[in-house]
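Student: As you go down the protein sequences, you meet chains A and B in turn. Each residue of the first sequence is one higher than the last, beginning at 908 in my numbering. Each residue of the second sequence is one higher than the last, beginning at 109 in my numbering.
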Amino acid sequence: MDNARSTAATDVAFTVNGRPTRLSVDSRESLLDVLRERLALTGTKKGCDHGQCGACTVHLDGRRVVSCLTPVVKVDGRSVTTIEGVGGPDGELDPLQQAFIDHDALQCGYCTPGQVMAGIACIREGHARDDAEIREYMSGNLCRCGAYGGIVAAIRQAARR
Amino acid sequence: MRSFSYTAPRTVDQAVEALVDGGPGSKVIAGGTNLYDLMKLRIESPQSVVDISRIPELHRIRTTGSEISFGAGARMADVADHPVIRRDYQALSESLWRAASQQLRNMATVGGNLLQRTRCSYFRGGRRIPL
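Spelled out as structure tokens, the structure:
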């Protein structure tokens, strides 16, 4: 994309879960819609589509962001990790995914991919030192089933590893 | 959302040029958390969007002696978590980490934060509500 002025249709190249991807996109498209509708990576969920619920959380160059408020044109040349990319090559779970199972940290599961992506980042940032800090730094992820107690316990467990 | 053209300049000079070229229908985008959201709601409909998030000099955070300076493009999370700011400017750090969520603070810039449009739809709605 560089310094070229682009009209509605433009090419973007970025990596998704380590895989180089090149697409022709409309500049209006969000990263979330491209992941779900174009790349069939439907683990990333659409909740509010306005950056308030965290269901669409992914990592962009290693940092957690909401993909619904990320125009896909801004991702050109960058690296995206989704929930499909956090496990091992043979389907091993990320330690936080296992901790979610251990602590029953979900009910319907719709918010869970976003919770896990936010939780992995929360631990990596060093913002999971105690329950109060976990709650503060996970405040961008809503769970309407109210599994917050289990989510905090799961992050606490994974952070100890 | 209305269609728009998108440019991602690498220098301030290129950005200014792109804004002049785009005329009054052009808008600056950095984190995108405010403008892109308002574009989805059709409150903002720029014809041209100039992305200043790829201009390195706007992101810089400098702390020297008793002075601190950071670019308008510094992200809220980076300013809040900067070790010197955390230690010596606690009110500034706290005012940032208590706002929004970490996902949004990783995207939003301190300059964009000051330039936000009022979020309340009653205040910003141009149309009169029929009574």
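Glycine included, C-beta positions come from ideal geometry on N, C-alpha and C.
#1: Could I get the ranges of all uninterrupted beta strand (DSSP E) runs contained in the region 115 to 201 of chain B, with 3 residues as the minimum, in chain order?
#2: List the residues of chain A whose Cβ lies closer than 7 Å to the Cβ of Asp159 (chain B), in chain order.
#3: With burial defined as no fewer than 16 other Cβ atoms inside 10 Å of the residue's Cβ, what is the status of Val192 (chain B): buried or exposed?
#4: When Cβ atoms are compared, which residues of the region 920 to 935 of chain A fall closer than 9 Å to chain B?
#5: Pairing CB atoms from the region 1032 to 1041 of chain A with CB atoms from the region 1003 to 1017 of chain A, are three or more of them under 8 Å?
#6: Taking DSSP as the reference, what is the three-state secondary structure of Ile974 (chain A)?
#7: Touching or not, the region 1047 to 1054 of chain A and the region 955 to 965 of chain A, by the rule of three or more beta carbon pairs under 8 Å?
#8: What does His966 (chain A) pair with, by DSSP beta-bridge criteria?
#9: I'd like to know whether the C-beta of Asn221 (chain B) is nearer than 8 Å to at least one C-beta of chain A.
#10: Could you give the distance in angstroms between the alpha-carbon of Val987 (chain A) and the alpha-carbon of Ala199 (chain B)?
#11: Express the C-alpha separation of Asp983 (chain A) and Ile163 (chain B) in angstroms, rounding to a whole number.
#12: How big is the Cα-Cα spacing for Ala188 (chain B) and Glu202 (chain B)?
#13: Residues of chain B with a CB under 7 Å from the CB of Arg970 (chain A): which are they?
#14: Going by DSSP, what residue range makes up the beta strand (DSSP E) through Asp930 (chain A)?
#15: Excluding the 5 residues flanking Glu165 (chain B) on each side, which residues of the same chain have their C-beta closer than 6 Å to its C-beta?
#16: Could you tell me how far apart the beta carbons of Ser934 (chain A) and Thr977 (chain A) are, in whole angstroms, since I believe they sit closer than 8 Å?
#17: Which of the three DSSP states, helix, strand or coil, is assigned to Phe1007 (chain A)?
#18: Which value, in whole angstroms, describes the spacing of the CA atoms of His167 (chain B) and Glu944 (chain A)?
#19: Compare the C-beta of Tyr197 (chain B) against all C-beta atoms of chain A and say whether one is closer than 8 Å.
#20: Run through DSSP, which three-state label would Asp892 (chain A) get?
#21: Cα separation between Ser153 (chain B) and Arg110 (chain B)?
#22: Determine which residues share a DSSP beta bridge with Val923 (chain A) and list them.
#23: Return no unless some Cβ of chain B is closer than 8 Å to the Cβ of Tyr1044 (chain A).
#24: Does the beta-carbon of Pro132 (chain B) have 16 or more other beta-carbons within 10 angstroms, so that it is buried, or is it exposed?
#25: I need the straight-line Cα distance from Leu1000 (chain A) to Ala1006 (chain A), nearest angstrom please.
#26: Counting only beta-carbon atoms, is Ser90 (chain B) nearer than 8 Å to chain A?
#27: Determine the closest residue to Cys228 (chain B) out of B:Asp196, B:Leu146 and B:Leu127, with distance taken between C-alpha atoms.
Tutor: In short:
#1: Counting only runs of 3 or more, we get 134 to 137, 156 to 159, 169 to 172 and 175 to 178.
#2: Chain A residues near Asp159 (chain B): Lys981.
#3: Burial call: exposed.
#4: Within the region 920 to 935 of chain A, the qualifying residues are Asp933, Ser934 and Arg935.
#5: No, the region 1032 to 1041 of chain A is not in contact with the region 1003 to 1017 of chain A.
#6: Reading off the sequence, residue 974 (chain A) comes out as Ser, not Ile. Ser974 (chain A): helix per DSSP, three-state reduction.
#7: Cβ pair count under 8 Å is three or more, so yes.
#8: Paired residues: A:Arg971 and A:Thr988.
#9: No, because no Cβ of chain A sits closer than 8 Å to the Cβ of Asn221 (chain B).
#10: Taking the straight line joining both Cα atoms gives about 33 Å.
#11: Taken atom to atom, the span from the alpha-carbon of Ile163 (chain B) to that of Asp983 (chain A) is near 15 Å.
#12: Approximately 7 Å, taken between the alpha carbons.
#13: Near Arg970 (chain A) (Cβ distances below 7 Å), the residues of chain B are Asn214.
#14: In the sequence as displayed, the identity of residue 930 (chain A) is Leu instead of Asp. For Leu930 (chain A), the enclosing beta strand (DSSP E) starts and ends at Arg926 to Asp933.
#15: Cβ neighbours of Glu165 (chain B) beyond the five flanking positions: none.
#16: The beta carbons of Ser934 (chain A) and Thr977 (chain A) sit about 12 Å from each other, so the pair does not count as a contact at 8 Å.
#17: Three-state result, Phe1007 (chain A): helix.
#18: Within the model, the alpha-carbon separation for His167 (chain B) versus Glu944 (chain A) is close to 33 Å.
#19: For Tyr197 (chain B), the answer is no, since every Cβ of chain A falls outside 8 Å of its Cβ.
#20: Because chain A here runs from 908 to 1068, residue 892 (chain A) falls outside it and cannot be looked at.
#21: Whole-angstrom Cα-Cα distance: 6 Å.
#22: Looking at the DSSP output, Val923 (chain A) bridges to A:Arg926 and A:Val987.
#23: It does: the Cβ of Tyr1044 (chain A) has a partner Cβ on chain B nearer than 8 Å.
#24: Around the beta carbon of Pro132 (chain B), a 10 Å sphere encloses fewer than 16 other beta carbons of the protein chains shown; the residue is thus reported as exposed.
#25: Each residue's alpha carbon lies about 10 Å from the other.
#26: There is simply no residue 90 (chain B) to check, as chain B begins at 109 and stops at 239 in what is shown.
#27: Per the Cα distances, B:Leu146.
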